[in-house]
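Position 403 of the sequence shown, counting from 1, maps to 1024 under the working numbering, and the rest follow consecutively.
One structure is given here, and the rest of the page talks about it.
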Amino acid sequence: MTPRLTGWRQPCLAAALGVIAAFGQAPYDQPLILMVALAGALYFFAQAKSLRQAALFGWAFGTGYFAHALHWIVSPFMVDVARHGWMAPFALLFLAAGLALFWGLAFWGARRLSRETSWAVVLTLPAVELIRGYLFTGFPWAMISQSLVDTSGGQALAWIGPYALNLLMVAVAVAVSQSAQDWASRTLRFGAVLLGLGAVTLPVMSPDARLTAHTIRLIQPNAAQRVKWDPAQIPVFFDRQLGLTAALPKEGDPAPDLVLWSETAIPWVLDLAAPALDQIAQAGGTAPVALGVQRRDAQNYFNSMVVLDRVGNVAQTYDKHHLVPFGEYMPFANFFARVGVFGLAQRALGGYAAGPGAQVLDFGEMGRALPLICYEAVFPHDANAATERPDFLIQITNDAWFGKAAGPRQHLAQARMRAIEQGLPLARAANTGISAMIDPYGRLLASLPLNQAGFVDAALPQPLAPTIYSRAGDLPFAIVLLLGLVAASISARSREGGLKN
């Protein structure tokens, strides 16, 4: 019989289980712990009889989970401690508690659909996670499916995507948490245990990725954010990137066909950067160089990536379209400007403007690539937004904002998810790391350690055939989920009507 937990003990236990569940995310990468904690939470959730208790239990579980998984969020506020440091604890508190409202809603909805069991969480928790990925520009960071990127279970991303994989993980946890009173339920529970163990413990067993004859050089200058724009340090970091770009390949290795610099790799606005662009092109030799830069027109500033030809001319431009709220722009900007609060990462006083959308760039014989700038790789639908399928993905990012442990590693995990979902290789250049070549199965073929300057020359893998998820996206799952919720709601109303009669 389940031990009774009353009063404050229920939300405290839920919060503790949430903290434990977050060990499934990087840098710990222990999805088995996440699944055990989730099953434990669902086991004790059965005691929450009222809707209020259910909502409080789910909110407490989510708060503990997000506070632990997203503790790196304090790092951007510590770059300029005097100006922003006071915001750090409030940012973590409000972010964790705010995201946990989604989970509180899910547990409330589950109890609304089923008064006796926790099975309805299979529908409600994946539903709110889908909403979390889109609402108010979305923030799907630290989804439970993110924990599977290193395991065989993560390969299901290519078939069903991250949101449907959330549903499968929750379904396994629910089955494990339920009491088994007959042979059918015991069989279901045993099967769920085997499925869950296989998904979270078996390594990726996909074949080796086939490689093209093309090589990309990934440049990692390791410019700490607090000194990146220091006038005394700007020449140091710029010269470092030039030197890494011009360095000869290792003996026997081919020269790079493309050189990739990180996000906002130079401090000069594009229209004032002609001398620097000439030097960059000269260092690149015969290879084009793609780099992150701030660009402006008559009205707006953009966070952009440009591709330079061999003489330093800008051949192609991509403007980031999915911006970071409270980072690259401020919602309700006029209000916040009156109290002196501006976006953390914005270099323009009014914040950046969003570009027109996903854009595929042409790299000649290498193929066509979809660029993702930093935050855009967090969103499955951004990697799937181009009107034509690219041959590979590019991510440039400045992960110096994310601290020295969990943040950069979780960001890398999400880039690996995008590669699996699309069946495409992904070349990633990060200022402070982790720069990497990722194959279409999400594996790191070559990488540079976190917080280390250097370069790596990596062969570009061939793309796989289009995945089911890349063709279908999230809409089919959303429709099926909605129909399931409607059916569950009708069933719940029918049961209530029967009891009243």
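In this text, a Cβ means the ideal position worked out from N, Cα and C, and glycines have one as well.
On a predicted model such as this, the values are computed, not experimentally measured, just so you know.
{"Item": "Span of the beta strand (DSSP E), counted from its first residue to its last, around residue 1059", "Value": "1057-1059"}
{"Item": "Candidates 694, 649, 772 and 985, of which the one nearest residue 713 by Cα", "Value": "694"}
{"Item": "Rounded distance between the beta-carbons of residue 897 and residue 859, thought under 8 Å", "Value": "7 Å"}
{"Item": "Stretch pair the segment 841-849 + the segment 801-815: three plus CB contacts closer than 8 Å", "Value": "no"}
{"Item": "Short Cβ contact (9 Å threshold) for residue 723 with residue 683", "Value": "yes"}
{"Item": "Residue span of the beta strand (DSSP E) that contains residue 947, given as start and end", "Value": "No beta strand (DSSP E) contains residue 947, which DSSP labels as neither H nor E."}
{"Item": "Counterpart residues of residue 914 in DSSP-defined beta bridges", "Value": "925"}
{"Item": "Beta-carbon spacing of residue 720, residue 666 below 9 Å", "Value": "no"}
{"Item": "Burial state of residue 1117 (16 or more Cβ within 10 Å)", "Value": "exposed"}
{"Item": "Backbone CA spacing between residue 1007 and residue 980 [nearest angstrom]", "Value": "6 Å"}
{"Item": "Uninterrupted alpha helix (DSSP H) stretches inside the segment 687-719 (no shorter than 4 residues)", "Value": "702-705"}
{"Item": "Cβ neighbour criterion (16 or more within 10 Å) applied to residue 882", "Value": "buried"}
{"Item": "Close-in-space but distant-in-sequence residues of the same chain around residue 983 (CB under 6 Å, 5 per side omitted)", "Value": "989"}
{"Item": "Nearest-angstrom Cα separation, counted from residue 829 out to residue 607", "Value": "The displayed coordinates of the chain run from 622 to 1122. Any statement about residue 607 would go beyond what the structure contains."}
{"Item": "C-alpha gap between residue 905 and residue 985, whole angstroms", "Value": "17 Å"}
{"Item": "Cβ neighbour criterion (16 or more within 10 Å) applied to residue 1122", "Value": "For residue 1122, the pLDDT reaches just 49, beneath the cut-off of 50, and the residue's location in the model is therefore unreliable, although a value from the coordinates is still provided. Exposed: under 16 other Cβ atoms inside 10 Å."}
{"Item": "Rounded straight-line distance, which links the Cα of residue 762 to that of residue 1004", "Value": "15 Å"}
{"Item": "Between the CA atoms of residue 736 and residue 1047 - distance to the nearest angstrom", "Value": "46 Å"}
{"Item": "7 Å CB neighbourhood of residue 1099 in its chain, flanking five on each side removed", "Value": "751"}
{"Item": "Residue 1068: first and last residue of the uninterrupted beta strand (DSSP E) it sits in", "Value": "1065-1068"}
{"Item": "Span separating the alpha-carbon of residue 831 from that of residue 775", "Value": "20 Å"}
{"Item": "Cβ separation of residue 1113 and residue 788, assumed to be a contact under 8 Å, to the nearest whole Å", "Value": "Not quite, the Cβ-Cβ distance comes to about 19 Å (not below 8 Å), so this is no contact."}
{"Item": "Residue 731 versus residue 688: straight-line alpha-carbon distance, rounded", "Value": "23 Å"}
{"Item": "Three-state class that DSSP yields for residue 783 in the structure shown", "Value": "helix"}
{"Item": "Residue 1002 versus 1038, 973, 976 and 972, residue with shortest Cα-Cα distance", "Value": "1038"}
{"Item": "At least 3 beta-carbon pairs within less than 8 Å: the segment 1020-1032 vs the segment 931-944", "Value": "no"}
{"Item": "Inter-stretch contact (C-beta, 8 Å, three-pair minimum) for the segment 1042-1060 and the segment 1078-1088", "Value": "yes"}
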